[in-house]
Amino acid sequence: MTIASQVLTDQEIVAEAQVSPFRKWLAPATFLAFGLINIFVLGAYSHKGDATFAFSQPFAKVTVPNLSLPAAVTCYVCGGITIAIALARAFLPLSKVLRRVAIGVVMFLFVLALLCWADAGLTTAFNIVNLLQGTLGQSIPIMLGALTGVVCSRSGVINVGIEGQLLLGAFTAAIVTSVTGSLWLGLVCGALAGSLVGVLLAVFAIGYRVDQVVLGVVLNTLVLGLTGYLFDGLMVPYQNTLNSPSTFAAVKIPLLGDIPIIGPVFFDATVFLYITYFALAGVQIGLFGTRWGLRTRAIGEHPIAADTVGINVIAMRYRNVIAAGLIAGIGGAYFTIGSVGSFGADMTSGEGYIALAAMIFGRYTPLGAISAALLFGFTTQLQSIMSTLNTPIQSDLLLATPYVVTIIVLAGLVGKVRGPRAEGIPYIKA
Amino acid sequence: MSDQAGAAGAAEAQKKATRPGPGRIIRDSILEGNTFTVTVLAIFTAFVVGGLLNAFTNTTVLHAWGNLFSDPGHAIATAWDTAVGAYIEMFEGSIFNPHTVSALFQQASFSAAIHDGYLSAVFNPLSETCVQATPLILAGLAVALPYQAGMFNIGAEGQVIGGMVLATYLGYGISLPFFVHVVVCVLGGFVGGAAIGWIPGELKARTGAHEVIVTIMMNYIMIYFLAYLLSFPYLMQAPHNTNQISAAIAGNAHLPLLFGSHLRINAGFLLALACAAGVWWLLNRTTTGFEMRSIGKNPSAARVAGMNVERTWVLVMLLAGGLAGLAGATVIQGTDFTVNFQSYGTYGIDAITVALLGLGRPGGVVLAGLLFGALHAGAPLMQAVTGTPVDMVEVLQAVIVLFVAAPPLIRAMYRLRDARAGGVGGVMSKGWNA
Chain A
1 MTIASQVLTD
11 QEIVAEAQVS
21 PFRKWLAPAT
31 FLAFGLINIF
41 VLGAYSHKGD
51 ATFAFSQPFA
61 KVTVPNLSLP
71 AAVTCYVCGG
81 ITIAIALARA
91 FLPLSKVLRR
101 VAIGVVMFLF
111 VLALLCWADA
121 GLTTAFNIVN
131 LLQGTLGQSI
141 PIMLGALTGV
151 VCSRSGVINV
161 GIEGQLLLGA
171 FTAAIVTSVT
181 GSLWLGLVCG
191 ALAGSLVGVL
201 LAVFAIGYRV
211 DQVVLGVVLN
221 TLVLGLTGYL
231 FDGLMVPYQN
241 TLNSPSTFAA
251 VKIPLLGDIP
261 IIGPVFFDAT
271 VFLYITYFAL
281 AGVQIGLFGT
291 RWGLRTRAIG
301 EHPIAADTVG
311 INVIAMRYRN
321 VIAAGLIAGI
331 GGAYFTIGSV
341 GSFGADMTSG
351 EGYIALAAMI
361 FGRYTPLGAI
371 SAALLFGFTT
381 QLQSIMSTLN
391 TPIQSDLLLA
401 TPYVVTIIVL
411 AGLVGKVRGP
421 RAEGIPYIKA
Chain B
431 MSDQAGAAGA
441 AEAQKKATRP
451 GPGRIIRDSI
461 LEGNTFTVTV
471 LAIFTAFVVG
481 GLLNAFTNTT
491 VLHAWGNLFS
501 DPGHAIATAW
511 DTAVGAYIEM
521 FEGSIFNPHT
531 VSALFQQASF
541 SAAIHDGYLS
551 AVFNPLSETC
561 VQATPLILAG
571 LAVALPYQAG
581 MFNIGAEGQV
591 IGGMVLATYL
601 GYGISLPFFV
611 HVVVCVLGGF
621 VGGAAIGWIP
631 GELKARTGAH
641 EVIVTIMMNY
651 IMIYFLAYLL
661 SFPYLMQAPH
671 NTNQISAAIA
681 GNAHLPLLFG
691 SHLRINAGFL
701 LALACAAGVW
711 WLLNRTTTGF
721 EMRSIGKNPS
731 AARVAGMNVE
741 RTWVLVMLLA
751 GGLAGLAGAT
761 VIQGTDFTVN
771 FQSYGTYGID
781 AITVALLGLG
791 RPGGVVLAGL
801 LFGALHAGAP
811 LMQAVTGTPV
821 DMVEVLQAVI
831 VLFVAAPPLI
841 RAMYRLRDAR
851 AGGVGGVMSK
861 GWNA
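Same order as they appear, the protein sequences are chains A and B.
Take 1 as the starting number for the first sequence in the numbering used here and just add one per residue.
Take 431 as the starting number for the second sequence in the numbering used here and just add one per residue.
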């Protein structure tokens with residue numbers, strides 16, 4: 001079996017050397033499309049006048065002056081730069097770093113043009129701080145779910161059950177907080193609920209060697225059915241006692257929270273955002289700077305080698321999958337005791353699957369996964385703000401963009417994403 | 431190792447010498463814990479789990495549990511009644527309801543009873559089971575076929591939407607004579623689903639993008655696309671309507687009813703059975719099917735043997751999408767007649783559970799589809815009479831599949847002997863990268 005997989009690898013390397021024309025032209029063509037949209041859709045159809053952007057909230061201690069840009073001209077300039085980048089991407093040999101920067105710049109220019117178009121000629125300024133603040137809020141569960149996915153994948157276990165972990169976390173946090181009145185107890189129990197799904201995942205994936213993608217989907221169905229059942233059967237009749245949790249209030253960090261733009265976005269939020277910072281730092285440093293991380297990556301890449309040097313592969317996978325569930329459980333708790341304030345059937349609405357996509361999008365690295373999660377959150381927030389501006393854009397189509405972008409990215413815009421080698425393959429000790 | 435072989439040989443010899451009777455063979459094969467036994471026990475265990483869940487969360491029962499020490503008998507009896515009562519209602523809603531028979535015999539004349547639909551009422555639960563099973567079987571095949579080819583199609587939901595949209599559009603947008611219109615719409619459903627299924631297949635073949643993620647993304651794209659289509663009268667929204675719902679399809683496009691106007695069972699059920707037979711024939715009796723199964727077992731060996739792996743991936747996803755699209759078409763043309771923003775229901779998840787319980791085989795998918803169709807058909811009556819939420823069905827489905835996927839667990843629970851037959855876990859267990 002080892003030899004067979006080795007042969008396959010060589011074939012794959014050969015196949016990758018000859019980049020298919022489809023792959024080669026995909027990125028420049030996409031960039032070109034964005035550039036043309038900037039010019040011929042956004043620029044040509046924008047209202048006359050300026051687009052105004054605000055960078056501070058009302059009553060901020062330090063204010064930043066508003067920025068006014070001529071809408072149509074800005075769109076044309078953005079489009080021109082984007083097309084130049086598309087040409088450079090097509091005909092110049094760019095390094096890997098430059099290619100990634102190019103994607104970022106193209107995205108930024110498109111969003112800028114879109115905002116100019118949406119706000120052109122309106123008297124109200126477009127508040128950038130609100131947009132960014134909302135983005136972080138929308139992203140929290142996706143970020144935490146993606147971090148769970150990263151730890152599981154790096155340990156060699158595919159976790160499609162993130163959706164279930166979020167949903168059970170949300171449910172448990174709501175019910176515990178409603179009954180006990182303690183937000184912190186709700187948070188802890190939400191985390192444990194995520195971990196409980198992790199236990200099921202670990203037992204069936206590692207112990208019984210069930211196919212992990214299948215298992216994840218089934219666990220999601222189980223949690224969806226179970227929470228829906230208990231919601232209809234218990235929470236609806238006893239709404240006041242079982243489903244009316246309080247929510248965490250925003251905590252402003254002294255000094256840091258007063259910095260213009262950055263302060264209100266990063267340092268004036270609920271405890272969930274601060275937990276996310278710690279989780280990100282913990283997973284990033286843990287995976288790449290500690291003995292635990294080295295061992296985790298070893299059992300995900302080459303469990304036989306890891307076993308040979310004395311690492312207990314099975315036990316370590318159990319521990320990592322169950323512990324990682326805690327992070328997603330907290331992400332789930334955010335839905336009920338962090339933002340909404342009550343549980344609803346299927347309230348995570350597929351964010352766990354988005355977290356999974358964010359993890360792959362982010363190339364199985366904590367920082368990459370977080371960036372991808374932020375991109376998804378940004379689109380959602382952008383859509384909700386745009387819909388209040390009465391723009392003629394169709395909100396349903398805008399909501400679909402993160403998914404389209406994910407497919408384009410997976411199809412090779414940023415090269416082939418390769419997961420840990422042993423991911424999804426149960427380890428059988430020889 | 432040699433000891434085992436020796437022991438097995440000795441057992442073999444002993445078996446030949448004694449020639450056990452038929453009863454012994456049956457008993458042995460049950461105790462051996464083969465796939466059939468494990469599946470039946472998994473279903474049974476899931477119903478027990480569901481009953482316990484019901485008994486410990488029902489509000490009436492919870493009150494009774496509160497008085498456990500003063501009146502323990504009452505608490506236990508209430509719990510038992512609740513758990514069993516829910517299943518009885520489910521049975522009456524999906525298989526057979528005795529009240530309908532007594533109603534039939536209370537009628538004055540038999541011919542009048544038939545005319546008034548009393549006879550149909552007796553068969554209504556079975557008819558509803560078949561109606562519910564139709565899209566489940568078709569969508570289940572859409573998961574089972576790629577499963578045989580080593581791919582996992584989570585995108586049945588998006589593909590069902592694709593089929594629904596095109597079938598509905600052809601249903602109200604054009605005007606054709608009766609039989610032709612039905613066929614055109616059904617084919618439209620196939621094409622609509624196949625188009626959505628083709629995208630992940632083509633992307634996997636060309637770029638290696640994993641079909642699991644792409645199909646999940648396609649589901650969300652299709653959901654938003656459906657909402658978009660139903661938001662504007664110049665697209666698909668019904669005129670003079672503020673809801674997200676399309677116009678009704680023409681009467682000529684309705685699938686013909688099989689047993690008169692009182693029962694909803696329609697030709698879609700026959701279509702589902704025919705498709706299951708077709709998929710079986712494709713997989714087991716054609717070269718293409720052999721290639722599909724070979725690629726599912728070992729893609730690199732199939733490639734070395736000269737098979738075109740990429741082309742087969744595309745073909746499999748195309749067909750799978752088409753089957754899911756047919757599921758959408760049968761729902762539109764058989765029962766719903768319009769598409770709204772929630773028409774896709776839970777078909778995506780149900781399709782996966784059906785395919786897994788059916789062990790990825792067409793015959794198994796039909797049986798699994800009928801079982802889950804019965805659960806879906808019985809659930810509304812269960813909720814109406816006993817107050818048990820319909821979500822119980824999702825729980826049952828998930829628990830059944832979870833147990834089916836882990837045969838060792840069932841064998842351990844019932845102390846069965848180990849057998850060579852594996853469940854889902856044995857069929858396919860590999861990572862993203864394979």
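We treat Cβ as the ideally placed atom computed from N, Cα and C, and that holds for glycine.
Taking a cut-off of 8 Å on C-beta distances, the region 244-254 of chain A touches the region 170-190 of chain A, as three or more cross pairs fall below it. Chain B has no Cβ within less than 8 Å of the Cβ of A/V199. Shown here, A/N312 sits in coil according to DSSP, grouped into three states, outside any helix or strand. For the options B/Q536, B/V478, B/S524, the alpha carbon positioned closest to that of B/A509 is the one of B/V478. Put simply, the backbone Cα of B/T742 is about 7 Å away from that of B/M722.
Close CB contacts of B/G803 within its chain, under the 6 Å cut and outside five residues either way in sequence, are with T559, Q562, A563, L566 (chain order).
DSSP, reduced to helix, strand and coil, places B/I675 within a strand of the structure shown. For the options B/E641, B/T760, B/L659, the alpha carbon positioned closest to that of B/F699 is the one of B/T760. Our two residues, B/A574 and B/S524, have alpha carbons roughly 25 Å apart in a direct line.
The beta carbon of B/A542 is closer than 8 Å to none in its chain, skipping five residues each way along the sequence. Within chain A, V214 have C-beta atoms less than 7 Å from the C-beta of B/L786, given in sequence order. Listed along the chain, the chain A residues whose CB falls inside 8 Å of the CB of B/N488 are G233. In this structure the region 518-532 of chain B does not lie against the region 258-278 of chain A, because fewer than three pairs of beta carbons, one per stretch, are closer than 8 Å. Annotation: B/Y602 has no Cβ neighbours in chain A at a cutoff of 8 Å; minimum Cβ distance is about 21 Å. A/A369 sits close to A/V150, with the two beta carbons spaced by under 8 Å.
Taking a C-beta cut-off of 7 Å against chain B, the contacting residues of the region 378-406 of chain A are Q394, D396, L397, L399, A400, Y403, V404, T406, listed in chain order.
The Cβ atoms of A/Q212 and A/V157 lie closer than 8 Å to each other.
Annotation for A/T379: no beta strand (DSSP E) segment contains it, though the alpha helix (DSSP H) segment containing it runs 366-388. Residue nearest to A/Q383 within the set A/A372, A/A373, A/L374, A/T401 is A/T401 (criterion: CA-CA distance). Taken in chain order, the members of the region 564-586 of chain B whose beta-carbon sits within less than 8 Å of a beta-carbon on chain A are F582, I584. Taking the C-beta atoms as reference points, B/G752 is found nearer than 8 Å to B/F620.
In this model, A/T221 and A/A323 are separated by some 22 Å (Cα to Cα). Under a criterion of Cβ atoms nearer than 7 Å, the residues of chain B adjacent to A/T221 are, in order, I779, T783, E824, Q827, A828. The straight-line gap separating the alpha-carbon atoms of A/A29 and A/A86 is approximately 7 Å. Look at the region 608-637 of chain B: the residues with a C-beta under 9 Å from a C-beta of chain A are I629, P630, L633, R636, T637.
The residue among B/Y654, B/A704, B/F609 with its C-alpha nearest the C-alpha of B/G793 is B/A704. Scanning its chain for C-beta atoms nearer than 7 Å, with the 5 sequence neighbours on each side dropped, one finds around A/I81 the residues L109, in chain order. For A/T52, the three-state secondary structure derived from DSSP is strand. Comparing alpha-carbon positions, the option among A/G282, A/T290, A/G43, A/D396 lying closest to A/W117 turns out to be A/G43. Going by beta carbons, A/Q394 and A/G134 fall outside the 8 Å limit. The beta carbon of B/V795 sits closer than 7 Å to the beta carbons of I567, G570, L571, A574, A706, V784, A785, G788 from its chain, once the five residues preceding and following it are set aside; these are given in chain order. For B/S773, there is no enclosing beta strand (DSSP E), as DSSP gives it neither H nor E. Under the Cβ distance rule, A/Y208 counts among the residues neighbouring chain B, one pair being separated by less than 8 Å. Distances from the alpha-carbon of A/M386 to those of A/A146, A/L131, A/M143 put A/L131 closest. The C-alpha of B/V825 is placed about 27 Å away from the C-alpha of B/P528. Of the residues A/K48, A/I360, A/N127, the one whose Cα lies closest to the Cα of A/P65 is A/N127.
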